[in-house]
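Some notes on the structure that comes next.
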Amino acid sequence: MVQASFDVTALGELLIDFTENGLSGQGNPLFEANPGGAPCNVLAMLGKLGKRCAFVGKVGEDMFGRRLKEVAQQAGICMDHLVFDPKVPTTLAFVQTLAGGDRDFSFYRNPGADMCLEAGEVPEAVIRQSRIFHFGTLSMTHPGVRQATCQALEYAKAGGTLISFDPNLRLPLWDSLEEARTQIAWGLGQCDILKIADNELEFMTGETDFDKGAALLRKQYPNIRVCNVTAGAQGSYAYYGDERVFVPALTLGGTIETTGAGDTFCACVLNFVLEHGIDGLTAGDLTEMLRFANAAAYLVTTRRGAIRSMPERAEVMALLAKTAV
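Read in order, the letters of the sequence shown are residues 0 to 324 in numbering that gives the first Met the number 0.
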């Protein structure tokens, strides 16, 4: 068997999140340009946990694209397969923080460089020689980048690579709800490891009961071996084989915004699988996995931004020790 070159390779969007950061002297909102994009956020947290990661995607040949590459490289992510588009600008997202730390997004992506990635720009060897391949649905909103995503999945399956999927539903980016459901359903049918948020579970199953919704998904998509449902401030659930585990979220206060929290959680789950394998997991294993992921996600909510807000392993362990019953 060929030695894996990377622990995790991710494909998708790399963009600038302009997040609110106070008011100017004239009373106008100030926005901070935070490097982000769900797949790279996941890789940034994995880098903090000592894992070798690579990113596949496209940015504009502009000041934002160059900045994104620099920040991602500083986070320890291999950016050799980042493509620069000379004609289409880097995607931008303006994030309004709502009461309680939730967010409302306004995207400048019509077009944006991330949706212009082509199948021929996907590196076969890198994906085939990765232990896990991770993707979401922003790389499935338009035909060209969707074809690139499908190509990457073919390479991953041919290489025996585990596949991780996070729907990361952003309704303004879809032409219709039906198209969003169709593409998310396709992603669900590809993955071994699923991280799905409570609103996405309801969107796909019509269920507000997490146990019932997860059961429906697992019955329809038996390929999903590790199914995690995140429920924000409530906590998170893991479903594996006959096991069902719930771990409440940390409620210590200090939340600024939730950008990157779900990606941090997802990264910690992938890290657990990398370190423990995906076979024979027990309820104790799942509890350990969720406790670490919840704690890391909480720490991110106390900071602005995503790629640069990921905690060190020692920070997470210290928080777990402090909050242990």
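Glycine residues also receive a C-beta, built at the ideal position from the N, C-alpha and C atoms.
From the DSSP secondary-structure annotation, give me the bridge partner or partners of residue i.
| i | result |
| --- | --- |
| residue 132 | 8, 162 |
| residue 55 | 10, 80 |
| residue 227 | 194, 237 |
| residue 32 | 17 |
| residue 88 | Its beta-bridge partners do not exist; DSSP assigns none. |
| residue 22 | 28 |
| residue 169 | Beta-bridge pairing links residue 169 to no other residue. |
Between the alpha carbons of residue i and residue j, how many angstroms are there, rounded?
| i | j | result |
| --- | --- | --- |
| residue 71 | residue 46 | 10 Å |
| residue 68 | residue 179 | 29 Å |
| residue 133 | residue 323 | 31 Å |
| residue 105 | residue 33 | 15 Å |
| residue 249 | residue 297 | 7 Å |
| residue 1 | residue 130 | With a pLDDT of 49 at residue 1, under the threshold of 50, the predicted position of this residue should be treated as unreliable, and no value is reported. |
| residue 115 | residue 11 | 10 Å |
| residue 283 | residue 291 | 12 Å |
| residue 209 | residue 192 | 17 Å |
| residue 83 | residue 38 | 17 Å |
| residue 257 | residue 103 | 11 Å |
| residue 23 | residue 273 | 45 Å |
Can you tell me whether DSSP reads residue i as helix, strand or coil?
| i | result |
| --- | --- |
| residue 0 | Its pLDDT being 39, under 50, residue 0 is placed unreliably by the model, and the measurement read from it follows with that caveat. Coil. |
| residue 105 | strand |
| residue 246 | strand |
For residue i versus residue j, is the C-beta spacing smaller than 8 Å?
| i | j | result |
| --- | --- | --- |
| residue 89 | residue 64 | yes |
| residue 137 | residue 165 | no |
| residue 236 | residue 213 | yes |
| residue 223 | residue 215 | no |
| residue 176 | residue 242 | no |
| residue 58 | residue 91 | no |
Please list, in chain order, all residues of the same chain as residue i whose beta carbon is under 6 Å from its beta carbon, the five residues on each side excluded.
| i | result |
| --- | --- |
| residue 44 | 263, 266, 309 |
| residue 370 | An answer regarding residue 370 cannot be provided, because it is not within the stretch 0 to 324 covered by the chain. |
| residue 331 | Missing from the structure shown is residue 331; the chain here goes from 0 to 324 and no further. |
Less than 7 Å between C-beta atoms, sequence neighbours within five positions excluded: which residues of the same chain meet that for residue i?
| i | result |
| --- | --- |
| residue 126 | 8, 132, 151, 154, 155, 158, 160 |
| residue 207 | 201 |
Enumerate in chain order the residues of its own chain whose CB-to-CB distance from residue i is below 8 Å, with the five nearest sequence positions on each side excluded.
| i | result |
| --- | --- |
| residue 172 | 106, 108, 137, 140 |
| residue 4 | 51, 53, 124, 125, 128, 129 |
Can you tell me whether residue i sits near the ligand SAM, meaning its C-beta is under 7 Å from at least one heavy atom of the ligand?
| i | result |
| --- | --- |
| residue 170 | Questions concerning the ligand SAM fall outside what the structure shown contains, since it holds no ligand whatsoever. |
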